[in-house]
Amino acid sequence: MAKILFFAEQRNGELRKTAAELATIAQRLAAKTGGTASAVLIGPDTHSCAEGLGQFGVKQATLITDSNLANYSTTAYALAVHKLIDKINPDLVLFTASATGRDLSPAVAGLAGNQVYSDCTQIDFVGSTLKVQRPVFAGKTLMNIAIDNKIAFVSLRPNSYPIKENACAISVDEFDPGLDEGAFTARVTEFKTSEATRPELTEADIIVSGGRGMGGPENFAGIEALADTLGAAVGASRAAVDAGWRPHSDQVGQTGKTVSPKLYIACGISGAIQHLAGMSSSKIIVAVNKDAEAPIFKAATYGIVGDLFAITPVLDAELKKIL
Amino acid sequence: MNIIVLVKQVPDTEAKIRISDDGKHIDESSIKLVVNPYDEYAIEAALQLKETHGGEITLVSLGPAGAVTALRTGLAMGADKAVLIKADDSRFMDSQTVANHLSKVIKEREFDLILGGKKAVDTDAQQVGSLIAMDLNLPIITAIVELDLNGNQVSAVREVEGGAETVTCQLPAVLTCEKGLNEPRYPNLRGIMMAKKKTIEEKEISDGGIAVEIVSMEYPPQKAEGQIVGEGPDAVPELVRLLREEAKVI
Numbered sequence: 001m002a003k004i005l006f007f008a009e010q011r012n013g014e015l016r017k018t019a020a021e022l023a024t025i026a027q028r029l030a031a032k033t034g035g036t037a038s039a040v041l042i043g044p045d046t047h048s049c050a051e052g053l054g055q056f057g058v059k060q061a062t063l064i065t066d067s068n069l070a071n072y073s074t075t076a077y078a079l080a081v082h083k084l085i086d087k088i089n090p091d092l093v094l095f096t097a098s099a100t101g102r103d104l105s106p107a108v109a110g111l112a113g114n115q116v117y118s119d120c121t122q123i124d125f126v127g128s129t130l131k132v133q134r135p136v137f138a139g140k141t142l143m144n145i146a147i148d149n150k151i152a153f154v155s156l157r158p159n160s161y162p163i164k165e166n167a168c169a170i171s172v173d174e175f176d177p178g179l180d181e182g183a184f185t186a187r188v189t190e191f192k193t194s195e196a197t198r199p200e201l202t203e204a205d206i207i208v209s210g211g212r213g214m215g216g217p218e219n220f221a222g223i224e225a226l227a228d229t230l231g232a233a234v235g236a237s238r239a240a241v242d243a244g245w246r247p248h249s250d251q252v253g254q255t256g257k258t259v260s261p262k263l264y265i266a267c268g269i270s271g272a273i274q275h276l277a278g279m280s281s282s283k284i285i286v287a288v289n290k291d292a293e294a295p296i297f298k299a300a301t302y303g304i305v306g307d308l309f310a311i312t313p314v315l316d317a318e319l320k321k322i323l
Numbered sequence: 324m325n326i327i328v329l330v331k332q333v334p335d336t337e338a339k340i341r342i343s344d345d346g347k348h349i350d351e352s353s354i355k356l357v358v359n360p361y362d363e364y365a366i367e368a369a370l371q372l373k374e375t376h377g378g379e380i381t382l383v384s385l386g387p388a389g390a391v392t393a394l395r396t397g398l399a400m401g402a403d404k405a406v407l408i409k410a411d412d413s414r415f416m417d418s419q420t421v422a423n424h425l426s427k428v429i430k431e432r433e434f435d436l437i438l439g440g441k442k443a444v445d446t447d448a449q450q451v452g453s454l455i456a457m458d459l460n461l462p463i464i465t466a467i468v469e470l471d472l473n474g475n476q477v478s479a480v481r482e483v484e485g486g487a488e489t490v491t492c493q494l495p496a497v498l499t500c501e502k503g504l505n506e507p508r509y510p511n512l513r514g515i516m517m518a519k520k521k522t523i524e525e526k527e528i529s530d531g532g533i534a535v536e537i538v539s540m541e542y543p544p545q546k547a548e549g550q551i552v553g554e555g556p557d558a559v560p561e562l563v564r565l566l567r568e569e570a571k572v573i
C-alpha cells in the first residue's frame, strides 16, 4: 500500500515529457502495491498541466500556486515540497533526474535528514521493500539497492521509462506551504531560453554525435543537417568539446551527459571508455569511422567504415527520401 | 575570503571498472585514482577568487588514508591546507552520512563560501553539496557554469533543459561546479614542492557510517554483437534499410 508522491515538472504551463514518464511509473507502482499516486506541481499556472496528468492514470494532484514560486528557487521549492510531505506522509517521493530534479531532490531529501537515490534506471516494490538500480561510474557498473526506509526519495533517469496512456478523471487541490521571505535564499533572476530548436540531449529519441574525426567546428554543419532530418539532438565527444568545437553542454560521456536514446549515431568518435560509459545504454548505436579497429565498432549495432564526410551527406539524402 | 573546497578521490574516467569478489563493491587494486574532475573546477574557482579577494582555501575530503594523494594535488594547485576525514571503504557510503561528517568539520571553521564539484564521477549521486547546504541552512546553487561575485552577492549561471538560469544569493553559500566554469590549472613544480610543506590534518570517524544497502553490483547487459554494414557511402542504403526494417528506430 505505497503512498507515492511525484514532482511533475512543467515550464510555462507546459508539462514536460519526463512528467508523463514519472506519472506512468508512479501509477504502476501504486497499482502493484494497492496504494496511491499523486502529483505535486509548483507554479502559478499549473492547473491545466495537472489535468493533463489524468491522461496517464493519475487520480490526484496538488498545486502549489504561490506567485512567489513563479521562478525556481531551490530552497523555496524544497521547503514547499517538504511541507506537503509533512502533511500527506508519503512512503516514496519521486523526481526526474533532470537538471531541475537533480537540484531539487537532494534539497528536499536533506530537509528530511535523508538522502536521494539518484538517477535510477529501474524501480520496483518487492513486498514492502523498494528495489532500485542505479548506474554508477557513468554506467560502467550498475548498483542494486534495497531500501527499507520509512520514506524514500528517488530520482529517475529521463528517457528510461516508457510512457503509458491510461486516461482517468483527476482531482486537483491546492496547498499553501506558507513560505516566508527567508525561504528564498537563492532564486532564479533570469531565464535565458536557448535558441536551439533541437531536442534536449537527455530527452531526445535520436542523437547524432561528432568527435575528433570531425576535424573542426565548421564541419559540424553536416551533423546538424543530418540531425535536423531525423529530428535529433546533436552531441559531441570530450575530444570535440575540449578542442573548443562544441559547447560543454553538448558533451556525452562520463564528464558530460549520460544519454539513452533509441538511436545514437556516432560520427568520427573513436569510442574512449568515458564516452562509451555515457551512451552505451542507447538502444541502437550506429558508428561511422574511418578506422576499422576503433573501439566504437565494438559497441555499435551497425557500423560503416569510411570517410564520414563522404558518408553523412549520403545518409542525410537517403533518410530524406523516406522521412 | 575563506573558502572550503570539497574534494573526493575517484577512479580515473579512463579506468575500466571491475566488480570485486564479494559482488558488492569494485576492485580498486589496480585502478588509477585521481581528483574528481568536477572538484578540479571547484579548486580552480577557489584559486581565482583568492587571487582577487585574498583569504585562505581549505580542502576537505572524506576517504581512505590514500586520499591524501588527491589532497596533495589540490594543495599543489595552490590550496592552503587540507583536512582528511579518514574512512576506509567509504566510496559508497550513503551521501547523508558523508554530508554529516563533512558538515561537522566545516562548522568548526570560519568560511565565506563552500565549493564542490557538481558530482563525483564514481557514485554519480550528485547530492553531497546540497545536503551540506540543507544541514548548515545555507543557500545552494548547483552545477554552475559561470560565477560572478560582487561583495557578498553571488550571481551564477546554471544550464537546464531548454535554457540557462541566472541564480543569485548571498554569501555564505554552497556552490557546486559544472564543466565549463573554468580550465583547471596543472600543478607546477614549485606548487608541488610547496604542497609538501602544507599541513593535511587527519581526523578519524568515531561513530562510523551507515552504508547504503547494496544488494549487488552488476555489469550492464552485453549487447548482441554488432555488424559492419559495409565500407564507404555505398553501404548507406543498406544501413537505412536495417534501421527501418530490423531495428525499427526510424
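In order, the protein sequences belong to chains A and B.
The first sequence: position 213 = 213 (the numbering used here), numbered continuously.
In short: position in the second sequence from 1, add 323, done, that's the numbering used here.
The C-beta atom is built at its ideal place from N, Cα and C for all residues, glycine as well.
Predicted, not measured: the structure shown is a model, and the values here were computed from it.
8 Å Cβ shell around residue i - same chain, five flanking residues per side excluded
{"i": "B/D458", "result": "A422, N423, S426"}
{"i": "A/G211", "result": "A236, S237, A239, A240, A266, C267, G268, I269, S270, H275"}
{"i": "B/E367", "result": "M400, L504, N505, E506, P507, R508"}
{"i": "A/F79", "result": "One detail in the question is off: residue 79 of chain A reads as Leu in this sequence, not Phe. Taken in chain order, the residues that qualify are L111, P177, L179, A183."}
{"i": "A/F191", "result": "N71"}
Cα-Cα separation, residue i to residue j
{"i": "B/A410", "j": "A/N144", "result": "23 Å"}
{"i": "B/Q550", "j": "A/A37", "result": "44 Å"}
{"i": "A/E318", "j": "A/A227", "result": "13 Å"}
{"i": "B/V456", "j": "B/I354", "result": "For clarity, residue 456 of chain B is Ala in the given sequence; the question names Val instead. Taking the straight line joining both Cα atoms gives about 32 Å."}
{"i": "B/V444", "j": "A/V252", "result": "14 Å"}
{"i": "B/L454", "j": "B/F415", "result": "16 Å"}
{"i": "B/P462", "j": "B/D412", "result": "31 Å"}
{"i": "A/V81", "j": "A/V40", "result": "8 Å"}
{"i": "A/F335", "j": "B/M540", "result": "In the structure displayed, chain A extends from 1 to 323; residue 335 of chain A sits before or after that span and is not available."}
{"i": "A/Y77", "j": "B/G397", "result": "35 Å"}
{"i": "A/L15", "j": "B/R513", "result": "54 Å"}
{"i": "A/G326", "j": "A/T312", "result": "Only positions 1 to 323 of chain A appear in this structure, which leaves residue 326 of chain A out of reach."}
{"i": "A/I304", "j": "B/E561", "result": "10 Å"}
{"i": "A/K140", "j": "B/L438", "result": "27 Å"}
{"i": "A/A221", "j": "B/K571", "result": "26 Å"}
{"i": "B/C500", "j": "A/Q254", "result": "15 Å"}
{"i": "B/V497", "j": "B/D557", "result": "55 Å"}
{"i": "B/E431", "j": "A/I163", "result": "49 Å"}
Spatial neighbours of residue i in its chain, beta-carbon cut-off 7 Å, leaving aside the 5 residues before and after
{"i": "A/S48", "result": "G13"}
{"i": "B/Q476", "result": "T491, Q493"}
{"i": "A/K257", "result": "L201, T202, Q251, G278"}
{"i": "A/H248", "result": "V241"}
{"i": "B/K442", "result": "Y361, A448, Q449"}
{"i": "A/G54", "result": "A167, C168, A169, I170"}
{"i": "A/K32", "result": "F125"}
Proximity of residue i and residue j at Cβ, strictly below 8 Å
{"i": "A/T121", "j": "A/I147", "result": "no"}
{"i": "B/M400", "j": "B/L370", "result": "yes"}
{"i": "A/F153", "j": "A/S194", "result": "no"}
{"i": "B/Y364", "j": "B/G440", "result": "yes"}
{"i": "A/D307", "j": "A/K290", "result": "yes"}
{"i": "A/V188", "j": "B/Q450", "result": "no"}
{"i": "A/Y264", "j": "A/I207", "result": "yes"}
{"i": "A/D66", "j": "A/L179", "result": "yes"}
{"i": "A/A99", "j": "B/V483", "result": "yes"}
{"i": "A/R349", "j": "B/G485", "result": "This structure cannot settle anything about residue 349 of chain A, because the visible part of chain A is limited to 1 through 323."}
{"i": "A/I85", "j": "A/L5", "result": "yes"}
{"i": "A/A300", "j": "A/A287", "result": "yes"}
{"i": "B/K331", "j": "B/S384", "result": "yes"}
{"i": "A/F137", "j": "B/P544", "result": "no"}
Spatial neighbours of residue i in its chain, beta-carbon cut-off 6 Å, leaving aside the 5 residues before and after
{"i": "B/I340", "result": "I349"}
{"i": "B/I429", "result": "I327"}
{"i": "A/A19", "result": "A8, E9"}
{"i": "A/T62", "result": "V40, D173, F175"}
{"i": "A/K283", "result": "K262"}
{"i": "A/K324", "result": "The requested residue 324 of chain A is not part of the displayed model; chain A covers only 1 to 323."}
{"i": "A/R246", "result": "A236, A240"}
> What runs of the beta strand (DSSP E), each 3 residues or longer, lie entirely inside the stretch 183-212 of chain A?
Replying inline: Counting only runs of 3 or more, we get 186-193, 206-210.
> the stretch 443-468 of chain B: which residues have C-beta closer than 9 Å to a C-beta of chain A, in chain order?
Replying inline: Taking 9 Å as the Cβ-Cβ cut-off against chain A, the residues of the stretch 443-468 of chain B that qualify are V444, D445, T446, D447, A448, Q449, Q450, V451, G452, S453, L454, I455, A456, M457, D458, N460, L461, P462, I463, I464, T465, A466, V468.
>> Please identify, using Cβ separations under 8 Å, the residues of the stretch 334-365 of chain B that lie next to chain A, in order along the chain.
In response: Residues of the stretch 334-365 of chain B with a Cβ closer than 8 Å to any Cβ of chain A, in chain order: P334, T336, E337, A338, K339, I340, I342, I349, P360, Y361.
>> So if I threshold CB-CB distances at 7 Å, which residues from the stretch 416-440 of chain B count as touching chain A?
In response: So the list reads D417, S418, Q419, given in the order they occur along the chain.
>> Ignoring anything shorter than 4 residues, give me the alpha helix (DSSP H) runs that lie fully in the stretch 43-129 of chain A, in order along the chain.
In response: Listed in chain order, they are 47-52, 74-88, 99-111.
>> Going residue by residue through the stretch 373-427 of chain B, where are the continuous alpha helix (DSSP H) segments of at least 4 residues, counting only ones entirely within it?
In response: When DSSP assignments are scanned along the stretch 373-427 of chain B, the uninterrupted stretches of alpha helix (DSSP H) that are 4 or more residues long and fall wholly within it turn out to be 391-400.
> What residue ranges within the stretch 463-549 of chain B form continuous alpha helix (DSSP H) runs of no fewer than 4 residues, ordered along the chain?
Replying inline: Segments of the alpha helix (DSSP H) lying fully in the stretch 463-549 of chain B: 512-518.
> the stretch 204-222 of chain A: which residues have C-beta closer than 9 Å to a C-beta of chain B, in chain order?
Replying inline: Interface annotation for the stretch 204-222 of chain A against chain B: D205, I206, criterion Cβ-Cβ distance under 9 Å.
>> So if I threshold CB-CB distances at 9 Å, which residues from the stretch 131-145 of chain A count as touching chain B?
In response: Listed by position along the chain: K131, Q133, R134, P135, V136, F137, A138, G139, K140, T141, L142, M143, N144, I145.
> At a Cβ cut of 8 Å, what residues of the stretch 479-511 of chain B count as close to chain A, listed as they run along the chain?
Replying inline: If the cut-off is 8 Å between Cβ atoms, the stretch 479-511 of chain B has R481, E482, V483, E484, G485, G486, A487, E488, T489, V490, T491, C492, Q493, A496, E501, K502, G503 near chain A.
> Using Cβ-Cβ distances below 8 Å, what residues of the stretch 89-107 of chain A are close to chain B?
Replying inline: If the cut-off is 8 Å between Cβ atoms, the stretch 89-107 of chain A has S98, A99, T100, R102, D103, S105, P106, A107 near chain B.
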